[in-house]
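Protein sequence lines, in the order shown, are assigned to chains P and E. Whatever position you read off the first sequence (first residue = 1), add 24 for the numbering used here. Whatever position you read off the second sequence (first residue = 1), add 24 for the numbering used here. Quick reminder that beta carbons are idealized off the backbone N, C-alpha and C, glycines included. As the structure is a prediction and not an experimental result, all values here were calculated from the model. Working notes for the structure below.
Number of protein chains: 2
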Amino acid sequence: MVTIADVAAAAGVSTSTVSYVLSGRRPISRETRARVEASIASLGYRPHAGARALASRHTNVLALVAPLRTDVNVPVIMEFVTSVVTAARSFDHDVLLLTGDEGADGLDRVAGGAMVDALIVMDVEADDVRVPTLRRLRQPSVLIGLPGRAAGISCVDLDFAATGYAAAAHLAEHGHRSVALIGPPPAVYQRGTGYATRFLAGFDDAVEHFGLASATHPCEPTFDGAAAVMRDIDARLPAVTGLVVHNEAALAPVLSILRAAGRRVPQEVSIVAVCPQNVALGLPVRVTSIDVPAPQLGALAVEMVMHLLDGSHGVQTRLLAPVLTEGDSCGPPPPGTARPHTSVH
Amino acid sequence: MVTIADVAAAAGVSTSTVSYVLSGRRPISRETRARVEASIASLGYRPHAGARALASRHTNVLALVAPLRTDVNVPVIMEFVTSVVTAARSFDHDVLLLTGDEGADGLDRVAGGAMVDALIVMDVEADDVRVPTLRRLRQPSVLIGLPGRAAGISCVDLDFAATGYAAAAHLAEHGHRSVALIGPPPAVYQRGTGYATRFLAGFDDAVEHFGLASATHPCEPTFDGAAAVMRDIDARLPAVTGLVVHNEAALAPVLSILRAAGRRVPQEVSIVAVCPQNVALGLPVRVTSIDVPAPQLGALAVEMVMHLLDGSHGVQTRLLAPVLTEGDSCGPPPPGTARPHTSVH
DNA sequence: CGCGCCAGTCGAAGCGCTTCGACAGTGAGG
DNA sequence: CCTCACTGTCGAAGCGCTTCGACTGGCGCG
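Set out below in structure tokens:
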């Protein structure tokens with residue numbers, strides 16, 4: 025292995041000089057720098073990460089805890105992971121990937137062992153057991169998601185309450201009076217995953233504000249699950265003309281079920297989806313959707329963690345405002361079902 | 025930070041004794057071991073990973089290079105990643121995640137810097153530029169996939185040639201005489217990704233062996249792409265009664281296109297898919313499919329890399345035999361189109 | 001002319017761990 | 001009884017790097 029001593033010898037300087045060339049922490053003359061850099065290149069020198077971590081007390085590695093369950097939407101997770109890794113690299117950091125089911129012990133392990141400088145944790149539950157652990161670690165962390173008690177930890181997420189509100193409001197503004205929410209799988213609610221309940225709360229706010237009739241249905245991420253939910257909705261809210269789909273996996277099945285039943289979108293049923301843009305684009309209908317900006321969120325999490333590391337910012341929570349992209353899946357309700365909502369209240 | 029010296033002092037032994045308790049590399053008496061373990065627990069000691077890596081010359085970290093393009097099927101990748109991380113943990117290793125677009129430099133960086141003990145590389149192309157780099161690294165590596173020149177590097181993959189053969193053969197054995205292959209996106213072929221061409225070769229072998237008429241169509245992973253391919257197939261091979269779908273993203277669209285056209289599965293069209301079981305289960309039809317056993321492949325890659333590390337095995341290539349699971353999407357072709365294949369040749 | 005400063009470099013002291021060689025004590029084998 | 005092997009422990013030498021303090025010249029300034 026080529027060490028810093030080899031480089032120093034080849035360049036005719038001391039090891040500390042090589043180190044300062046590398047880190048830029050002290051002035052080095054033009055010629056010396058050039059000679060050192062030439063030796064580095066010709067020897068193919070790479071600093072030993074462990075030695076560096078030992079001496080400098082930081083690793084340039086971030087831990088990313090990603091959920092690996094199947095009831096969360098896998099492509100969305102992958103987008104988060106990708107954006108975090110990419111953003112981390114742009115800050116000269118690498119990413120150590122942990123699965124969610126390592127739990128709090130996993131965090132203790134990698135943080136306690138000084139394997140990482142900071143942590144980013146996805147799929148945070150309302151009362152997440154990992155939060156107290158994170159709070160006690162020497163390393164800073166950023167959550168993607170919003171736990172119940174977030175005090176002392178930075179968080180970043182889409183503003184799901186505003187998103188739920190916006191989705192229902194969009195239908196209301198088109199004149200719909202009966203709307204249904206097709207939500208994430210029951211397990212997501214049971215786990216107390218914050219985004220689902222926050223979305224629901226926002227949705228309910230809008231329903232109340234606009235005086236709508238509504239129904240709410242968790243939905244398994246399978247074709248059969250979507251079919252069952254559609255039957256439920258028709259049973260409980262037969263007059264439904266607007267659907268809010270907050271479940272990526274259910275979106276395609278819902279569309280094909282509607283088509284199979286001869287219910288045209290948007291003439292008979294309008295749809296607002298909450299999903300990443302690329303999911304919306306993969307569908308047979310250009311769906312009006314509110315983006316889940318996974319890439320931005322991932323990059324933002326990394327930025328925040330970097331600021332925490334360099335001390336330029338303290339702990340903060342950032343919720344991104346929803347952005348609705350109009351497609352072809354929303355229109356006025358069919359005649360006879362709609363009353364202009366200005367006539368209500 | 026609690027160091028090994030603190031533990032040693034608390035237990036009244038030397039640091040080397042603590043180290044030997046931890047590593048088990050030398051016999052330690054029952055009582056000493058107990059005292060040391062008690063000190064470790066009460067102080068909450070965690071060995072410093074960097075220091076350990078420096079002294080022991082290994083990190084207990086694996087690099088995993090995953091593709092982050094969108095033309096490969098994202099859920100499948102996620103399955104690989106998950107299984108690799110889980111398997112690595114079962115061997116007391118962590119996983120450093122790199123994106124495919126770090127290229128050969130990324131490998132050099134993490135390996136040269138001694139951040140990892142070994143590498144697992146996914147999404148290998150036929151003439152992958154990273155292979156020469158991997159060959160020259162100090163650390164062993166395992167490829168998931170099969171490059172053109174694999175000599176000197178371990179590989180693990182599904183036997184895609186046998187898979188292509190089996191898919192076409194299954195249709196032939198049901199009496200189909202005209203079959204079409206709906207393959208991965210054109211970009212996958214252009215990139216020279218081995219699995220696509222190996223699958224195709226196996227498919228063609230079966231076509232020839234059974235004397236079938238066939239058509240082959242790369243397919244974009246979108247609804248529109250699938251629709252275009254279906255039109256193409258009907259134009260070029262109007263008598264088609266059997267479809268082999270080697271493209272997870274196209275599967276659902278193909279099914280709904282057939283349904284929309286009133287072509288029943290399997291009465292008028294039979295389908296054999298190549299996809300992970302969980303994708304097959306998410307569809308409205310129980311599709312006859314050949315599993316892409318991502319979890320097994322990932323775990324196997326980790327096992328192989330561990331054997332490479334402990335020297336118990338050398339370089340080897342392992343191709344998993346395809347396993348076909350019967351569903352409800354294959355039957356005999358409609359009367360009039362089929363002739364018993366024994367009458368041919 | 002003498003002082004202080006700054007740019008530029010070096011030497012050495014760790015960072016926390018593993019591992020080698022040494023050594024004391026014990027029991028078995030000749 | 002002496003040797004030998006083995007068990008159990010210790011001390012010290014690194015592993016490769018960063019960083020602190022110190023040193024050397026040269027320069028500007030009073």
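Contacts around G36 (chain E), its chain only, beta-carbon distance under 6 Å, and the 5 residues preceding and following it disregarded | none
Any C-beta of chain E under 7 Å from that of F104 (chain P) = no
Sequence-distant residues of its chain with Cβ nearer than 6 Å to Y69 (chain P) (five each side left out) = Excluding sequence neighbours, Y69 (chain P) sits near V26 and V31.
Apart from the five residues on each side of it in sequence, which residues of its chain come closer than 8 Å, Cβ to Cβ, to T221 (chain P)?
-> Closer than 8 Å at Cβ, skipping near neighbours: A150 and Y213.
At 8 Å on the CB atoms, spell out the chain E contacts of D101 (chain P), in chain order.
-> The sequence shown places Ile at residue 101 (chain P), not Asp. Residues of chain E passing the Cβ test: M102.
Reducing DSSP to helix, strand and coil, say where R57 (chain E) ends up.
-> Correct three-state label for R57 (chain E): helix.
Who are the near neighbours of P277 (chain E) in its chain, counting only those whose CB is closer than 6 Å to its CB and skipping five residues on each side?
-> F247 and A250
In terms of DSSP beta bridges, what is A87 (chain P) paired with?
-> According to the DSSP secondary-structure assignment, A87 (chain P) is paired through a beta bridge with P:L120 and P:L143.
Put E197 (chain E) into one of helix, strand or coil per three-state DSSP.
-> Here E197 (chain E) sits in helix by DSSP.
Let me know if R54 (chain P) comes out buried or exposed under the rule of 16 or more other beta-carbons within 10 Å of its beta-carbon.
-> exposed
Interface residues of chain E facing P308 (chain P) [CB-CB closer than 7 Å] | F247
Three or more C-beta pairs closer than 8 Å, one from the segment 133-141 of chain E and one from the segment 69-89 of chain P: is that the case here?
-> Touching, per the Cβ criterion.
Is there a Cβ from chain P that is less than 7 Å from the Cβ of M139 (chain E)?
-> yes
In whole angstroms, what separates the C-alpha of E197 (chain E) from that of T110 (chain E)?
-> Counting only the Cα atoms, T110 (chain E) lies some 39 Å from E197 (chain E).
Chain P beta carbons: is any one of them nearer than 7 Å to that of D118 (chain E)?
-> yes
Inter-residue spacing [alpha-carbon to alpha-carbon] between A161 (chain P) and R57 (chain P) | This sequence places Leu at residue 161 (chain P); Ala is not what is there. Going by the C-alpha atoms only, they are around 39 Å apart.
Cβ of G136 (chain P) less than 7 Å from any chain E Cβ?
-> yes
Strand pairing of T41 (chain P), partner residues [DSSP] = None, per the DSSP bridge assignment.
Does the beta carbon of R310 (chain E) fall short of 6 Å from some heavy atom of the ligand ADP?
-> This structure does not include the ligand ADP; it has no bound ligands of any sort.
What does L357 (chain P) touch in chain E if you count any residue whose Cβ is under 9 Å from its own?
-> Checking the displayed sequence, the identity of residue 357 (chain P) turns out to be Pro instead of Leu. Correct list: empty, because the minimum Cβ distance to chain E is about 25 Å.
Return the first residue and the last residue of the alpha helix (DSSP H) that D129 (chain P) is part of.
-> G127 to G136
Hey, is the segment 186-197 of chain P in contact with the segment 334-354 of chain P, meaning 3+ C-beta pairs nearer than 8 Å?
-> yes
Residue-level contact to chain E via CB, S280 (chain P), 7 Å cutoff = yes
Every unbroken beta strand (DSSP E) within the segment 239-280 of chain E, with a cutoff of 3 residues, ordered by chain = 266-269
Between the segment 117-137 of chain P and the segment 101-120 of chain E, do at least 3 Cβ pairs fall closer than 8 Å?
-> Yes, since at least three Cβ pairs between the segment 117-137 of chain P and the segment 101-120 of chain E fall closer than 8 Å, the two stretches touch.
Counting Cβ pairs closer than 8 Å, one from the segment 310-329 of chain E and one from the segment 307-315 of chain P, do we hit at least three?
-> no
Please work out which residues of its chain come closer than 7 Å, Cβ to Cβ, to Y44 (chain P), disregarding the five sequence neighbours upstream and downstream, and give them in chain order.
-> R50 and I52
Does DSSP classify S63 (chain P) as helix, strand or coil?
-> helix
Where the beta strand (DSSP E) containing R23 (chain P) begins and where it ends | Within the shown structure, residues of chain P are numbered from 25 to 369, placing residue 23 (chain P) beyond reach of any answer.
Tell me, please, whether the CB atom of L121 (chain E) is closer than 7 Å to any CB atom in chain P?
-> yes
Which of helix, strand or coil does DSSP assign to R107 (chain P)?
-> Looking at the sequence provided, one finds Ser at residue 107 (chain P) rather than Arg. Three-state DSSP puts S107 (chain P) in a helix.
Ignoring anything shorter than 4 residues or poking outside the segment 149-198 of chain P, list the alpha helix (DSSP H) runs there in chain order.
-> Segments of the alpha helix (DSSP H) lying fully in the segment 149-198 of chain P: 154-160 and 184-197.
8 Å Cβ cut-off: residues of chain P touching R54 (chain E) = Contact of R54 (chain E) with chain P by beta-carbon distance below 8 Å is absent, the smallest such distance being about 27 Å.
Kindly confirm or deny that the segment 201-210 of chain P and the segment 223-243 of chain P touch, where touching means at least three C-beta pairs closer than 8 Å.
-> yes
Is the CB-CB distance between P319 (chain P) and E103 (chain P) below 7 Å?
-> yes
Contacts of T83 (chain E) in chain P (Cβ-Cβ under 7 Å) = G74
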